[in-house]
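31 is the number of the first residue of the sequence shown in our numbering; add one for each residue after it.
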Amino acid sequence: MAVGIFDSGLGGLTILDAISKRLPDVPFVYLGDNANAPYGVRSAEDIFNLTCAATERLWAEGCDLVILACNTASAAALKRMQETWVPPEKRVLGVFVPLIEALTERQWGDNSPPREVAVKHVALFATPATVASRAFQRELAYRAIGVDVEAQPCGGLVDAIEQGDEILAEALVRSHVEALKRRMPHPQAAILGCTHYPLFEKTFRAALGPGVKVYSQADLVAESLADYLTRRPEFIGAGQGIRYLTTGDPAYVSDKATQFMRHPVRFEAA
Ligand code: DGL
């Protein structure tokens, strides 16, 4: 048994990296659905079906706890999965809530009514499907009042990252930041609401300029998982190390993953 980490492709590796540093003794199985990426341009129905299939694949590896290290799946599919599909002995968790708890200065399990928070102007960069779901605004409204969110659907960016085209990815980051800043010239905080985007965090920071706090989803999710596993230690597996599975071509995906993570990553066929 291990903890399962799922993303449509390479992006979840940014989350796995932070999680495995925070929890070096916990075994993990990573699954990238590279054959079907990007998810961010798909319908909610499609994202639900693909995410359920990937989650079942991780259950077959003995991962009773699966983390959707993918904002698109967390935004478009997770609520429906938890309400209608996940059996009681399994858990599927997303990456949205830890981020929003940090933004709204809340501890886990704090269900008090929404209140005013320090940050008032938030820039959200995410895939078209995540932006269309409005899941970020919904979760934020449960916890905070008076926060203005300007969302930028970053079309094309995940494709460029999956294809390893760094020059195109950098150009797209700059143009998406410019587009957002035309609508919100002075955001106080920026959310990189797609797990692929931290691979280009430096470009986002440079384009946003000084004085904008960029939230690191990976570290927040790692902290939140560490906390969860102290409360639910039965989900810590007995194995060791990390296995990487992909629905795509393992040699191609391994090359791209190694390029972006800057350390060797070897995928096997899922
Ligand atoms: N990395 C994913 C996310 O966090 C998915 C991107 C995609 O497949 O479009 O949204």
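Built from N, CA and C at the ideal position, the CB exists for glycine as well.
State the Cα-Cα distance for the pair Thr260 and Leu40, rounded to the nearest angstrom.
28 Å
Whose C-alpha, out of Val147, Asn66 and Ala287, is nearest the C-alpha of Asp195?
Ala287
Pick helix, strand or coil for Ala174, following the three-state DSSP scheme.
strand
Could you tell me whether the stretch 256-270 touches the stretch 139-146, where touching means 3 or more Cβ pairs closer than 8 Å?
no
Looking at C-alpha atoms only, which residue of Cys93, Glu192 and Phe155 is the closest neighbour of Ala32?
Cys93
For Asp37, list the residues DSSP reports as bridge partners.
Gly62
Would the beta-carbon of His226 be found less than 8 Å away from any heavy atom of the ligand NAP?
Among the ligands in the structure shown, the ligand NAP does not appear; only the ligand DGL can be found there.
In or out: Ile77 buried (at least 16 other Cβ within 10 Å) or exposed?
buried
Over what stretch of residues does the beta strand (DSSP E) that includes Lys243 continue unbroken?
Lys243 to Tyr245
Could you compute how far the alpha carbon of Gly124 sits from the alpha carbon of Tyr60?
15 Å
Return the Cβ separation of Leu43 and Met291 in integer angstroms, given the expectation that the two are a contact with Cβ distance under 8 Å.
6 Å
Decide if the stretch 184-193 is in contact with the stretch 166-175; the criterion is three or more beta carbon pairs, one per stretch, under 8 Å apart.
no
Can you tell me which of the three DSSP states Thr44 falls into?
helix
Can you tell me whether Ala300 is buried or exposed? The criterion is at least 16 other CB atoms within 10 Å of its CB, across all chains shown.
buried
Completely contained beta strand (DSSP E) runs for the stretch 155-235, where each covers 3 or more residues:
178-183 and 219-222
How would you label Asp37, buried or exposed, when you count the other beta carbons within 10 angstroms and need 16 or more for buried?
buried
Can you tell me whether Gly70 sits near the ligand DGL, meaning its C-beta is under 8 Å from at least one heavy atom of the ligand?
yes
Would you mind stating whether Thr277 and Asn66 have Cβ atoms separated by less than 9 Å?
yes
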